[in-house]
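Enquirer: Numbering (my numbering), first residue to last: 1351 to 1631. Have a look at this one.
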């Protein structure tokens, strides 16, 4: 495995970091071996980028045969569309370096956790295509081939996680905020350009209401977008892999038991199986 790092400059002067975990060729194969790739956007409410949803998730995808890339996008005070355009640049970097990094450029998925899920879904839908185009990106060239969402922030409306959107919107007037609420309620913008979708969440998520996932799934069904959804009966927000190694810890460093959920741990295998079917690999 090769570890690659690339700095990404935000439109507001901030810096993001793309870290790639690029698998070596299979010694039993002849010639270059291209593989699908997954771009990972951890959560953190735009206050932080969760380490629990970064490298541990990348290692799981790598073990399943996917190149994995983690984007540590800009945080507050950076606001929309900074994070979206950083994700676009990350996708562009992966595809532009596909030959060197042995990536199948037509099989690049994105997965977003919580706030990272909003950035991922925004990139995957077409609502912000004009923003991407205005900043020098071909929207179709930076759109992922598959979208995975883990307890995502989706809606800026009734079921919004308001603190996340307050940070994403930044300091704007009331008219601009109203426009952003409509534009960034992504359940309203699923269309034929949206790639196949995989989403999971727990019913008892007390931070981001499960209605976010449900509304996005319903929008996919309405738009004829292929979607697979898994709703687990219990577990808090931010489960990551739902194992001890990625569990939240208390002030004494002890694992918080509710962040270990055996019945939820299967999500990563379900996601990898779904990706293999979606990419026919």
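Glycine included, C-beta positions come from ideal geometry on N, C-alpha and C.
From residue 1591 to residue 1598, what does the alpha carbon distance come to, in whole angstroms?
Expert: Taking the straight line from one Cα to the other gives about 11 Å.
Enquirer: So, residue 1465 versus residue 1514, is the Cβ gap smaller than 8 Å?
Expert: It is a contact, given that the beta carbons lie within the stated cut-off.
Enquirer: Could you tell me which residues DSSP puts in a beta bridge with residue 1498?
Expert: For residue 1498, which the question treats as bridged, DSSP gives the partners 1461, 1548.
Enquirer: Check whether the region 1615 to 1627 touches the region 1480 to 1488, taking contact to mean three or more Cβ pairs, one atom from each stretch, closer than 8 Å.
Expert: Too few Cβ pairs lie closer than 8 Å, so no.
Enquirer: Classify residue 1489 as helix, strand or coil using the three-state DSSP reduction.
Expert: If DSSP states are grouped into helix, strand and coil, residue 1489 belongs with the helices.
Enquirer: In the DSSP output, what is residue 1354 paired with across the bridge?
Expert: 1370.
Enquirer: Checking 8 Å against the spacing of the C-beta atoms, do residue 1455 and residue 1448 come in under that value?
Expert: Their beta carbons are under 8 Å apart, which means residue 1455 touches residue 1448 by this criterion.
Enquirer: From the DSSP output, read off the bridge partner residues of residue 1422.
Expert: Its beta-bridge partners are 1367.
Enquirer: Can the beta-carbon of residue 1628 be found closer than 8 Å to that of residue 1502?
Expert: No.
Enquirer: For residue 1457, I'd like the list of residues in its chain whose CB is within less than 6 Å of its CB, leaving aside the five on either flank, ordered along the chain.
Expert: Contacts found: 1386, 1495, 1629.
Enquirer: Excluding five sequence neighbours on each side, which residues of the same chain lie with their C-beta closer than 6 Å to the C-beta of residue 1507?
Expert: The residues are 1535.
Enquirer: Report the option in 1427, 1352, 1355, 1549 whose CA atom is closest to the CA atom of residue 1624.
Expert: Nearest option by C-alpha distance: 1549.
Enquirer: On the DSSP letters alone, give me the boundaries of the beta strand (DSSP E) that residue 1581 sits inside.
Expert: Here the beta strand (DSSP E) through residue 1581 covers 1577 to 1582.
Enquirer: What three-state label does DSSP hand residue 1513 in the structure shown?
Expert: In the structure shown, residue 1513 sits in a helix (DSSP, three-state: H, G or I).
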